[in-house]
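J.: Take the sequence shown: its position 35, counting from 1, is numbered 945 in our numbering, and each next residue is one higher.
Every residue, glycine too, gets a C-beta built ideally from N, C-alpha and C.
Fair warning: this is a prediction, and the values are worked out from it, not measured in the lab.
Here it is: the structure, laid out below.
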Amino acid sequence: MTKIDLNSDLGEAFGPWRMGDDKAILDVVTSANIACGGHAGDPATMVETLTLASERGVVAGAHPGFADREGFGRRLIPLSIREVEQLVATQTGALMGAAALAGARIRYIKPHGALANWAADERPVADAIIRATRAVSPELAILAISGTELEHAARDAGMTVFSEIFADRGYLSTGRLVPRTLPGAMIHDPAEAASRLIGYLSSGLMPTVDGVPIPLDAHSICVHGDSPGALAMAVHVRQELLKAGIEVGPFLQPTKENR
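Printed below as a string of structure tokens:
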């Protein structure tokens, strides 16, 4: 039986501003990438989201991004390599402090938005994220977009690395995600998303918007938590995976803090 993880980007509210239905999505996914106060999130939201994840046995990861709430971390901020290290280390450390209060544990790092896309293409940026991760805790794993420089950098550094694909994003023949400004970037129909994923899991080939299907590795499927149809997408994808005989479970085993 094929097994796959479902992850979602959560904890992206801050102050009076709300984003998504984290509580409901945490009943569906098996791993949660939690905002660390950069692109979104605040101390109260971090602790609350980590507590909810721990209660459900959902594995928690840090989701550091550019400190750009106005752009939701989706605009490239031209930081130096040293500044990238500092950004990732301090945001991850903040989330680990929140986890200590929540009785939870941070198990991995997945960069957010424009930072993730930058690290996908630029090896020096990917290496900076790896150095920051190892400085904070050598036990942390990396969740990387499949086929990217971040994935390669983590492997070359001897780190535990897991690869992800996206349920609701289109792909280019280069293996990169279709930019959100272009047609085909987002998949809004849950049935279309589930059908594509099941086809991928049976063949290892991901359809692209500009060419033939491409091979990708995957330990996890990301369903974004910030879109209006996020919950419906996550529920439908999980249901269809199970119907197809595909087991849904975390890529890292839950610890006692996650139970």
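Use the C-beta contact count for K1020: other C-beta atoms within 10 angstroms, 16 or more gives buried, fewer gives exposed.
T.: It is buried - the Cβ of K1020 has at least 16 other Cβ atoms within 10 Å.
J.: Using the C-alpha atoms, what's the distance from A1026 back to V890?
T.: A question about residue 890 goes unanswered here, because the residues of the chain that appear run from 911 up to 1169.
J.: Starting from the Cα of A1154, find the closest Cα among S1112, L1141, R1041 and give me that residue.
T.: It is S1112.
J.: Starting from H973 and walking both ways along the beta strand (DSSP E), at which residues does that stretch end?
T.: From DSSP, the beta strand (DSSP E) with H973 extends over 969-973.
J.: Taking 6 angstroms as the limit between beta carbons, can you name the residues of its chain near A945, skipping five residues before and five after?
T.: Hits under 6 angstroms: G921, E922, G951, H973.
J.: Along the chain, where does the beta strand (DSSP E) that runs through V1071 open and close?
T.: Taken as a continuous stretch (DSSP letters only), the beta strand (DSSP E) holding V1071 covers 1071-1076.
J.: Helix or strand or just coil, what does DSSP make of M1143?
T.: Note: M1143 maps to helix in three-state DSSP.
J.: Taking the DSSP output, what are the residues bridged to N917?
T.: Looking at the DSSP assignment, N917 forms a beta bridge with S941, C1132.
J.: Would you say I1124 reaches chain B, if we count a Cβ-Cβ gap shorter than 7 angstroms as a contact?
T.: Within the model displayed, chain B is absent; a lone protein chain is all it includes.
J.: Taking buried to mean at least 16 other C-beta atoms within 10 Å of its own C-beta, is H1098 buried or exposed?
T.: The residue in question, H1098, is exposed, as its Cβ has fewer than 16 Cβ neighbours within 10 Å.
J.: Ignoring anything shorter than 3 residues or poking outside the segment 967-1034, list the beta strand (DSSP E) runs there in chain order.
T.: With a minimum length of 3 residues, the continuous beta strand (DSSP E) runs that stay inside the segment 967-1034 are 969-973, 1016-1019.
J.: Thinking C-alpha only, which one of S1083, T1091, D1078 is nearest H1146?
T.: The residue with the shortest Cα to Cα distance from H1146 is D1078.
J.: How would you label W1028, buried or exposed, when you count the other beta carbons within 10 angstroms and need 16 or more for buried?
T.: With 16 or more other Cβ atoms within 10 Å, it is buried.
J.: Looking at the secondary structure, which residues open and close the alpha helix (DSSP H) in which I935 lies?
T.: Taken as a continuous stretch (DSSP letters only), the alpha helix (DSSP H) holding I935 covers 932-935.
J.: Identify, in the order they occur along the chain, each residue of the same chain with its Cβ nearer than 7 angstroms to the Cβ of T955, setting aside the five sequence neighbours on each side.
T.: Same-chain partners within the cutoff: G921, A923, F924.
J.: State the beta-bridge partners of V1158 as determined by DSSP.
T.: According to DSSP, V1158 bridges with I914.
J.: Cβ of L1082 within 7 angstroms of Cβ of T1058?
T.: No.
J.: What is the rounded straight-line gap between the Cα of I991 and the Cα of T961?
T.: Their backbone Cα atoms lie some 33 angstroms apart in a straight line.
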